[in-house]
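Participant: Sequences listed follow chains A and B, in order. Numbering-wise, the first sequence is residues 1 to 201 according to the numbering used here. Numbering-wise, the second sequence is residues 1 to 201 according to the numbering used here. Here a beta-carbon is modelled for each residue, glycine too, at the ideal position from N, C-alpha and C. Below is a structure I'd like to ask you about.
Protein chains: 2
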Amino acid sequence: MSAAGAPEPIARLIQEFARLPGIGPRSAQRLAYHVLRAPEDEALALARALGDVKRRIVFCGACFNITEDDPCALCADEQRDRALICVVEEPLDVLVMERTGGYRGLYHVLHGALSPIEGVGPDQLRVRELAGRVEGGGVTEVIMATNPSLEGEATSMYLQRLLQPLGVRVTRLARGLPSGADIEYMDDLTLARALEGRQEL
Amino acid sequence: MSAAGAPEPIARLIQEFARLPGIGPRSAQRLAYHVLRAPEDEALALARALGDVKRRIVFCGACFNITEDDPCALCADEQRDRALICVVEEPLDVLVMERTGGYRGLYHVLHGALSPIEGVGPDQLRVRELAGRVEGGGVTEVIMATNPSLEGEATSMYLQRLLQPLGVRVTRLARGLPSGADIEYMDDLTLARALEGRQEL
Numbered sequence: 001m002s003a004a005g006a007p008e009p010i011a012r013l014i015q016e017f018a019r020l021p022g023i024g025p026r027s028a029q030r031l032a033y034h035v036l037r038a039p040e041d042e043a044l045a046l047a048r049a050l051g052d053v054k055r056r057i058v059f060c061g062a063c064f065n066i067t068e069d070d071p072c073a074l075c076a077d078e079q080r081d082r083a084l085i086c087v088v089e090e091p092l093d094v095l096v097m098e099r100t101g102g103y104r105g106l107y108h109v110l111h112g113a114l115s116p117i118e119g120v121g122p123d124q125l126r127v128r129e130l131a132g133r134v135e136g137g138g139v140t141e142v143i144m145a146t147n148p149s150l151e152g153e154a155t156s157m158y159l160q161r162l163l164q165p166l167g168v169r170v171t172r173l174a175r176g177l178p179s180g181a182d183i184e185y186m187d188d189l190t191l192a193r194a195l196e197g198r199q200e201l
Numbered sequence: 001m002s003a004a005g006a007p008e009p010i011a012r013l014i015q016e017f018a019r020l021p022g023i024g025p026r027s028a029q030r031l032a033y034h035v036l037r038a039p040e041d042e043a044l045a046l047a048r049a050l051g052d053v054k055r056r057i058v059f060c061g062a063c064f065n066i067t068e069d070d071p072c073a074l075c076a077d078e079q080r081d082r083a084l085i086c087v088v089e090e091p092l093d094v095l096v097m098e099r100t101g102g103y104r105g106l107y108h109v110l111h112g113a114l115s116p117i118e119g120v121g122p123d124q125l126r127v128r129e130l131a132g133r134v135e136g137g138g139v140t141e142v143i144m145a146t147n148p149s150l151e152g153e154a155t156s157m158y159l160q161r162l163l164q165p166l167g168v169r170v171t172r173l174a175r176g177l178p179s180g181a182d183i184e185y186m187d188d189l190t191l192a193r194a195l196e197g198r199q200e201l
């Protein structure tokens, strides 16, 4: 029995679950006891999936999205418009953009955003590789789809200053009211941005 | 790429995380992408902990608590009072009771509570084994520490009727106000129970 009183394998599983983001000690305990009761298959399927992600996932050498094959399916797709690059912070953002079905260009995954406080500078992100793709030619527009946060905005400003001299158009996603929103509950900054960017009806 | 657009190992990991209780599709996605970014050690430590729980944990043949050794450390402890059995629904409840430091008897883990709706009858719980321990002699009191829920109360009533004829004292944990509670926010049933069980000052 460990200090907490649970048998060692359970205490260790609780500890490992608690290292995951958003999982507190209580949830970790609940998850570990669930695993204990669950059929063996289910626990081992999760264990195997964890290992497979680490073994089989690589980064695409062109856009740095996650993939099983390099280049990734998006970069390898001849139907996509190679003159457009959409810059995102994380691989998950690519999925979300693709889900809209409204974009037919390529991507570039930075793997983060500039954050001097957390020690993330351009060298910690895939910035040099992005500049390399633009310098390589054939790219007419780079669309910034970084998060509308302090770090995301700073990253997009930095990249704009880096890329514009290379003779490419640099744009970013529109700011405004999210659809379905209630103006009464919108924050000041979103409203101010929506007002600045108001459009003719 | 799977239907959701993520590479197959990621899609599968998201799916496996989403099978855990209290983890919705969004959290599962967040967890999977966290694992992707996390050091390989961390992901494999969780995978190993999952396997170890399934391989190394058994049920104690006496009290049915989870343990690495049978009998468990509590049942094997000569210092504990063998005349007292505290009946709980789940192994986690044993830990919580032990944390209070106020109990020195043995335990019996039912592994659930009676619930006709979910098809849980006495045969699905460790009820026969509990009766066997009482019939075996030496037990003077059985303390019901099932949850103060509909199922827990029904289970404790059922066990009381089963065990009392065997000549043993059957008690249950007190009902009343939880310490630190605000009467203003107490539910009616808790207040009614606290009033019924009021004590002399």
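1) Less than 8 angstroms between CB atoms is the rule here; does Ser-27 of chain A satisfy it with respect to chain B?
2) Can you pull the chain A neighbours of Asp-52 of chain B, defined as C-beta to C-beta under 8 angstroms?
3) Quick one: is Arg-126 of chain B buried, meaning 16 or more other Cβ sit within 10 Å of its Cβ, or exposed?
4) In chain order, what residues of the same chain have a beta carbon less than 6 angstroms from the beta carbon of Ala-6 of chain B, not counting five sequence neighbours either side?
5) Could you tell me the alpha carbon to alpha carbon distance between Arg-104 of chain A and Arg-198 of chain A, rounded to whole angstroms?
6) Can the beta-carbon of Val-228 of chain A be found closer than 8 angstroms to that of Tyr-107 of chain A?
7) Per DSSP, what are the beta-bridge partners of Thr-67 of chain B in this structure?
8) In this structure, how does DSSP classify Glu-118 of chain B when only helix, strand and coil are distinguished?
9) Identify each residue in the stretch 32–46 of chain B for which the Cβ-Cβ distance to at least one residue of chain A is less than 9 angstroms, and report them in chain order.
10) Under 8 angstroms Cβ-Cβ, which residues of chain A neighbour Glu-118 of chain B?
11) For Arg-12 of chain A and Ala-49 of chain B, which I take to be in contact (beta-carbon distance under 8 angstroms), what is that distance rounded to the nearest angstrom?
12) Helix, strand or coil for Ser-2 of chain A, going by three-state DSSP, please let me know.
13) Quick check: the Cα distance between Lys-54 of chain A and Glu-68 of chain A, rounded to an integer number of angstroms?
14) Considering only the beta carbon of each residue, do Pro-71 of chain A and Cys-86 of chain A sit closer than 8 angstroms?
15) Might you give, ordered along the chain, the residues of its own chain that have their beta carbon closer than 6 angstroms to the beta carbon of Ile-173 of chain B, omitting 5 neighbours on each side?
16) What residues from the stretch 132–163 of chain A come within 9 angstroms of chain B, judged by C-beta to C-beta, listed N to C?
17) Which partner residues does Ile-10 of chain B have in the DSSP bridge list?
18) Taking Gly-132 of chain B as part of the beta strand (DSSP E), name the residues at either end of that continuous run.
19) Quick check: the stretch 94–101 of chain A against the stretch 116–123 of chain A, are at least 3 beta-carbon pairs closer than 8 angstroms?
20) Anything in the stretch 102–131 of chain B with a Cβ closer than 7 angstroms to a Cβ of chain A? List those residues in chain order, please.
21) Determine whether the Cβ of Val-21 of chain A lies closer than 8 angstroms to any Cβ atom of chain B.
22) Does the structure place the stretch 20–35 of chain A close enough to the stretch 21–31 of chain B that three or more beta carbon pairs sit under 8 angstroms?
23) Can you grab the Cα-Cα spacing for the pair Asp-182 of chain B / Pro-148 of chain B, in whole Å?
24) Would you call Leu-189 of chain B buried or exposed, if buried means 16 or more other Cβ atoms sit within 10 Å of its Cβ?
25) Just to confirm the assignment, what range does the beta strand (DSSP E) spanning Leu-150 of chain B have?
26) If Gly-51 of chain B and Ala-47 of chain A are in contact, beta carbons under 8 angstroms, what's the gap, nearest whole angstrom?
Facilitator: In this structure, then:
1) yes
2) Pro-9, Arg-12, Leu-13
3) Arg-126 of chain B counts as buried, since no fewer than 16 other beta carbons sit within 10 angstroms of its beta carbon.
4) none
5) 26 angstroms
6) Coverage of chain A is limited to positions 1 through 201, which leaves residue 228 of chain A absent and any answer about it impossible.
7) B:Val-58
8) helix
9) Ala-32, Tyr-33, His-34, Val-35, Leu-36, Arg-37, Ala-38, Glu-40, Glu-42, Ala-43, Leu-44, Ala-45, Leu-46
10) The premise fails here: Glu-118 of chain B is roughly 14 angstroms from chain A at the closest Cβ pair, so nothing lies under 8 angstroms.
11) With a Cβ gap of about 5 angstroms, Arg-12 of chain A and Ala-49 of chain B count as contacting.
12) Residue placement at Ser-2 of chain A is poorly supported in this model, since its pLDDT is 41, which falls under 50; the coordinates are not used for a value here.
13) 11 angstroms
14) no
15) A quick correction: the sequence has Leu, not Ile, at residue 173 of chain B. These residues qualify, in order along the chain: Ala-145.
16) Taking 9 angstroms as the Cβ-Cβ cut-off, the stretch 132–163 of chain A has no residue approaching chain B.
17) Its beta-bridge partners do not exist; DSSP assigns none.
18) Segment 127–135 is the alpha helix (DSSP H) holding Gly-132 of chain B; no beta strand (DSSP E) there.
19) In short, these stretches do not touch, since the Cβ pair count stays below three.
20) Of all residues in the stretch 102–131 of chain B, none has a Cβ within less than 7 angstroms of some Cβ in chain A.
21) Per the sequence shown, the amino acid found at residue 21 of chain A is Pro instead of Val. Yes, Pro-21 of chain A lies at the interface with chain B (some Cβ there is under 8 angstroms from its Cβ).
22) yes
23) For Asp-182 of chain B and Pro-148 of chain B, the gap between their C-alpha atoms comes out near 19 angstroms.
24) The residue in question, Leu-189 of chain B, is exposed, as its Cβ has fewer than 16 Cβ neighbours within 10 Å.
25) Premise fails: Leu-150 of chain B lies in the alpha helix (DSSP H), 150–163, not in any beta strand (DSSP E).
26) 5 angstroms
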